[in-house]
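As structure tokens, the structure follows; a few thoughts come after it.
Numbering (this note's numbering), first residue to last: 892 to 1053.
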């Protein structure tokens, strides 16, 4: 049940990330910024696996949950206090910065009609959805099944570091 709840909270991260960049970054920079953020998520997973192994080996398996949980709460606190939905709401940037950001953005508020039929029947959108599904499926399969597989073949990570 907790894993389902965790998935529900994590599921909104990606749409929110795109919405945030829509209001903060010009179209020409959005792809780079979104990819940088997504790369950070993947690197965080890799680093967490490495750190988690060390914590289990030198502290305890419970410490992984406590330490990552504490860091997650600290991150959420600071994120909630510093990140604003729109530049107009952010008091930490100058008026000149706000004006620069707002002038460089597309007029997303004026676009009320979405071409849903074209989106849903687009082969490019379908291809992206399939690739994204496969990437997530593969990544989660590796994350959840690799430890059992390595244990099954009697592979100890600490003995492989030579």
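Using N, Cα and C, we set each Cβ at its ideal position, and we do this for glycine too.
Item                                                                                                                                                                              : Value
Specify whether the region 1005 to 1018 and the region 1026 to 1034 touch according to this definition: at least 3 beta carbon pairs, one from each stretch, less than 8 Å apart. : no
My output table needs one value for residue 901: the three-state DSSP class, helix, strand or coil.                                                                               : helix
Could you say which of 952, 996, 967 lies nearest to residue 917 if we only look at CA atoms?                                                                                     : 996
Let's test the definition: count the other Cβ atoms within 10 Å of the Cβ of residue 1053 and tell me whether it reaches 16, buried, or not, exposed.                             : At residue 1053, the pLDDT of 46 sits below 50, so the modelled position is not reliable; the number obtained from the coordinates is stated separately. Classification for residue 1053: exposed.
Taking Cβ to Cβ, would you say residue 908 is nearer than 8 Å to residue 928?                                                                                                     : yes
Look at the Cβ atom of residue 992, then the Cβ atom of residue 912, and state whether they are nearer than 8 Å.                                                                  : no
Roughly how many angstroms lie between the CA atoms of residue 948 and residue 936, to the nearest whole one?                                                                     : 18 Å
Quick one: using the 10 Å Cβ neighbour count with 16 as the cut-off for buried, is residue 834 buried or exposed?                                                                 : With the chain represented from 892 up to 1053, any question about residue 834 goes unanswered, as that position is not in the structure.
With DSSP as the reference, label residue 973 as helix, strand or coil.                                                                                                           : helix
If I'm right that residue 939 touches residue 959 with Cβ under 8 Å, what's the distance once you round it to whole angstroms?                                                    : 7 Å
What does the alpha-carbon distance come out to for the pair residue 972 and residue 1042?                                                                                        : 42 Å
List, from N- to C-terminal side, the alpha helix (DSSP H) runs of 4 residues or more that fit wholly inside the region 1001 to 1035.                                             : 1007 to 1011
Who are the near neighbours of residue 921 in its chain, counting only those whose CB is closer than 8 Å to its CB and skipping five residues on each side?                       : 912, 913
Between residue 902 and the rest of its own chain, which residues show a CB-CB distance below 8 Å, the 5 nearest in sequence each way excluded?                                   : none
Between the Cα of residue 900 and the Cα atoms of 923, 1040, 963, 1019, which residue gives the shortest distance?                                                                : 963
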